[in-house]
Every structure is written in structure tokens, then in C-alpha cells.
Amino acid sequence: MGGGARRVTASDIARSLGISRATVGFVINDTPGQTISEATRRKVLAEAARLGYRPHAAARALARGSNRIVLFVLPDWPVEHSLRRYLEEATLVLDRAGYSLVTWTRHASGRSRPLWETLDPDLVVPVIPLPRDDLDVLRREAGARLLLGGDEPAELHEVPSLRAGPPLQVEHLHERGHARLAVALTGDPRLELLAGLRASLARARAAELGLEIADLRTVSDEDGSAADAVRDWLDAGVTGVVAYNDDIAAAVVGAAVRAGIALPGRLAVVGHDDSPLARLLVPALSSVRVDVAGLGRYAAHRALHALGVEDTPPAKPGVRASVVHRETS
């Protein structure tokens, strides 16, 4: 099965010459107001001709001024309830300003070309702090279009919205008289860092309150591990469970219900994300709600300010998080 030759991109020219993609873009698009030497300009145009570079539609649109596309770079996480709500709100804000939101997930083992090479978006926005190696690649390839910095967190563990939930889960159980807790985590390898962060935050808050974390383990509803965990926890005197998210909490609740264990009488469970599942589960699941919709709107307004569409930078929102108390606690 045959296929056409890969289109030569501005990034190919930049790599060949050992210069930035932004410089190549300025030359190819004849961007005004740039201090690029005539020698560099001639070198870029000659290399473009040698490699057979042909501007595509997106590049021509960029030369006219804007593709009106904002590219959000997503972490390699499952697109669960919180991330969906974040993206929905960001999409609405950008759409009202005449911009389209496109997402791209950077997979650790991925081999696809970066989407910014194909779309030439006006702005590239990492949704969470990226590992240094990934960030270096983005800086090199996305150039001036990359939105970073300011007072935004530089590390995953510094993101307030990712830190807020586990302490609230522990406090909620403490307020209801639970002193011996367990932490139920996801076994999804893509979420290892985030799961580890939530576990460490739960441990720290429990220690501050004088509570014991008697067990910490991965739980699933697919392999019997939830049933094993519930049995072991009851044998160890655990009465409260801090779950990584609502899906993990539902696996624990389901195992307890099938074993005839009263909730929250013998075992209380608190989830995270307040997804629709939390309301629909029987018994209904107590869960942490974080205002991810507001964070999505903030990210979109921050992008519009960087693009010059909005004159005033958006006020950075505080993290609004709370436990929604339902039947499992």
C-alpha cells in the first residue's frame, strides 16, 4: 500500500539549519517588524527551496495574520469528568471570541507529528506543567506561540486544583469520627504521578489530624481487588476510605454492597471529582467537587489576553473545592 511523501514543514527547515522554528516562520511568512538579517533570510529561503517546502493552507492563513486556533496540549491522562468540564468551558469562551479550541495529547511513546506543525495554531497552551524534556521540545518547536509562565505553577505537585481534594476527603472522614483510614488508588500507569500526589496529600493531612492511614493500595472493579481490599480493611479495623476518584470509589462501594456491608455504618467512602456517577450510584457517593469549569474559563481568558484579544489579564481564581456529602459517608 503506497503513500505520498511527507510534507516538508518549517520545523524541518529549522532543524536542518539549526535555528528556531519561529525564525523560519518569520522569514517564510515575511512577518513585518522582525530583526532578521538578510543573510539568515536568504539561507532560510534557499533551504526551503532545497527541501521542497510548499506552504499549506494553514501557513497561508498564518501569513495573513491568524488561524484563529488555540491548541491545548493535554497530559496523557484518561479524559474523565473533570478534564471534560474544563475543556467544555474553555471551548465556549474561545468560541465566543471567534477562536477554535483544538486539543492534542503528547504520549510518552507517541510517534505522531506534533499537531502544531500541521495546524500552525495562534497559541500553544499546556494544560498542566510538563516534564522538563517535553517543555524543552515545546519551547524549541512551538517558539513564540507557546503560552507559559507568569505565576503559573512549574511542577505538577504545585497546581492548587490538584492539591485541594485529598485533604478535604480526610477532613470529611475525621469530622464523622473515623480514625483509621485506607487510601484506594487507580492502577492506571498514566496516572501514577497524580495518584502518588493525592496519596501523599492524604497521608500528610491524616498525620496532621492524628489519624492513621492503615493501608494504601490500587483497586479495580475488574479483577476482584476491590472485594479483597474491602475484606482486608474491615479485618484491619479501617472505617473510612479515601478514593482516588469516583470510579475507584464506586468499585469499593460496589464490593461492599455485594458483601452485605453497611455504608456508611461499617465503612464510609469518599470519592473525588463529583462526576455524574457519584449522584447516580446507589448508595449515592460523597465526593469532592472542584470548580474545574471556572479553571477552564480562566485558561481561555488567559489565552485571549496573550493573543491581544482581551486587554486586561484575567484575575487568577482561587481554588473552589468542597465535599458534597451523600449517602456513603
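With the first letter of the sequence shown counted as 1, position 209 gets the number 209 in the UniProt record's numbering; the numbers rise by one all the way through. Here a beta-carbon is modelled for each residue, glycine too, at the ideal position from N, C-alpha and C. If you're wondering where the values come from, they're calculated on a predicted model, not measured in any experiment.
Bounds of any alpha helix (DSSP H) do not take in Ala-184; it lies within the beta strand (DSSP E) bounded by 180-185. When DSSP reads this structure, Ser-100 sits in a beta bridge with Ile-69. Arg-289 and Ala-321 have their C-alpha atoms spaced approximately 5 Å apart.
The C-beta separation of Val-230 from Leu-267 comes to about 7 Å, placing the pair in contact by the 8 Å criterion. Contact between Arg-176 and Ser-329 holds: their C-beta atoms lie close to 6 Å from each other, under 8 Å.
Taking the CA atoms as reference points, Arg-190 sits about 42 Å from Ala-49. In the assembly as shown, Ala-226 is a buried residue. Its beta-carbon has 16 or more other beta-carbons within 10 Å. Bounds of the alpha helix (DSSP H) holding Ile-28 are 21-28. CA-CA distance, Arg-203 to Glu-212, rounds to 8 Å.
Where Ala-306 is concerned, the enclosing alpha helix (DSSP H) starts and stops at 292-306. An exposed status is given to Leu-280, since fewer than 16 other beta-carbon atoms sit within 10 Å of its beta-carbon. Taking the Cα positions, Val-252 is about 11 Å away from Leu-185. By the C-beta criterion, the stretch 78-96 is judged to be in contact with the stretch 291-300, since at least 3 inter-stretch pairs fall below 8 Å. By alpha-carbon distance to His-157, the top candidate from Ala-179, Arg-198 and Gly-260 is Arg-198. In the structure shown, Leu-17 adopts helical secondary structure according to DSSP, grouped into three states.
In terms of Cβ geometry, Phe-26 and Ile-36 form a close pair [threshold 8 Å].
Secondary structure in the stretch 184-236: the alpha helix (DSSP H) runs of 4 residues or longer, each lying completely within the stretch, are 192-209 and 225-235 in chain order.
Judged by DSSP secondary structure, Leu-173 falls within the alpha helix (DSSP H) whose first and last residues are 165-175.
Setting aside the 5 residues that flank it on each side, Val-323 is surrounded in the same chain by Leu-168, His-172 and Val-288, each with a C-beta closer than 6 Å to its C-beta; the list follows chain order. Counting along the chain, Leu-123 sits inside no alpha helix (DSSP H); it lies in the beta strand (DSSP E) bounded by residues 123-126.
With fewer than 16 other CB atoms across the displayed protein chains lying within 10 angstroms of its CB, Arg-54 is exposed.
When C-beta atoms of the stretch 235-250 are compared with those of the stretch 309-316, fewer than three pairs fall below 8 Å, so the two segments do not count as touching. For Val-252, the enclosing alpha helix (DSSP H) stretches over residues 246-258. Per DSSP, the unbroken beta strand (DSSP E) holding Ala-321 starts and ends at 321-324. For Pro-121 and Thr-218, the gap between their C-alpha atoms comes out near 39 Å.
Nearest to Pro-283 by alpha-carbon distance, out of Leu-307, His-301, Ala-306 and Asp-246, is Asp-246. Two segments are said to touch when three or more pairs of C-beta atoms, one from each, lie closer than 8 Å; by this definition the stretch 100-107 touches the stretch 68-81.
When beta bridges are read from the DSSP output, Ser-286 appears opposite Val-270. Of the residues assessed, Leu-51 falls on the exposed side of the cut-off, its CB having fewer than 16 other CB atoms within 10 angstroms. With a cutoff of 8 Å on beta-carbon distance, Ala-214 and Arg-180 are scored as near each other. Within the DSSP secondary-structure output, Ala-243 pairs in a beta bridge with Ala-184. Where Thr-118 is concerned, the enclosing alpha helix (DSSP H) starts and stops at 115-119. Restricting attention to His-272, Asp-274, Asp-221 and Pro-264, the CA atom closest to the CA of Ala-255 is found in Asp-221.
Pairing Pro-166 with Leu-130 gives a Cβ-Cβ distance that is not under 8 Å.
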